[in-house]
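Peer 1: Take the sequence shown: its letters are residues 200 to 359, numbered as in my numbering.
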Amino acid sequence: MRERELVADYPRPPFIERIVGSVVIRINAEIIAESHSYVRVCETYHPPTIYIDPDAFKPGTLHPGTGRPSFCEWKGIAAYWDLSCSDGSSRRARAGWSYPNPTDRFSALAGWISLYPRLVDECVLEGEAVQPQPGTFYGGWITSWTVGPFKGDPNHPELI
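1. Decide if the stretch 291-300 is in contact with the stretch 206-220; the criterion is three or more beta carbon pairs, one per stretch, under 8 Å apart.
2. Check whether the stretch 271-278 touches the stretch 297-306, counting contact only when three or more Cβ pairs, one atom from each stretch, lie closer than 8 Å.
3. Pairs of beta-carbons, one from the stretch 339-353 and one from the stretch 238-253, closer than 8 Å: are there three or more?
4. For residue 169, does the count of other Cβ atoms within 10 angstroms reach 16, so buried, or fall short, so exposed?
5. Rounded to the nearest angstrom, what separates residue 357 and residue 272 at their Cα positions?
6. Taking C-alpha atoms, which residue in 324, 350, 351 lies nearest to residue 344?
7. Nearest-angstrom Cα distance between residue 231 and residue 241?
8. List the DSSP bridge partners of residue 237.
9. Looking only at its chain, what residues have a beta carbon closer than 7 Å to the beta carbon of residue 229, apart from the 5 residues adjacent to it on each side?
10. If you measure between the beta carbons of residue 259 and residue 287, is that distance less than 8 Å?
Next comes the structure, spelled out in structure tokens:
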């Protein structure tokens, strides 16, 4: 387990770092992605957002999403991904996103994919099942070493 981190102490603008550690993503009982490294982005009052190399996804599990892109003031324009089991079943619309052409400061994210833990059946980070960030807007990954309060938590409406 990592050392406990207070998300209130994360900076704004966020920091980005590459981590050597395990990530596993499941839909149904199938592991759709697995990696031994990831990139995390940490911003004030957000649990870390985890990005993994698209090569970590099993063939047939990543599908370009439809609908409007979104814009992040720090990273740029996001593209969305649908995720599914490798046979295409149990498709989760816009469950993931990436920055094909991120800003210079976040160039390490180019093409890497993050996902909403609430839209897949399980995300495991460093051997621990994560909890999704509260609400439906943010995609942070909450672990036992990530200490809130977090943006999106209805008990903390001041953190908008």
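Each residue gets a CB set at the ideal place from its N, CA and C atoms; glycine is no exception.
The structure displayed is predicted, hence computed values, not measured ones.
Peer 2: On the basis of the data shown:
1. no
2. yes
3. Touching, per the Cβ criterion.
4. No answer is possible for residue 169: it lies beyond the span of the chain, which begins at 200 and ends at 359.
5. Whole-angstrom Cα-Cα distance: 20 Å.
6. 324
7. 25 Å
8. 218
9. Around residue 229, the same chain offers 284, 285 as residues with beta carbons nearer than 7 Å, after the five sequence neighbours per side are excluded.
10. yes
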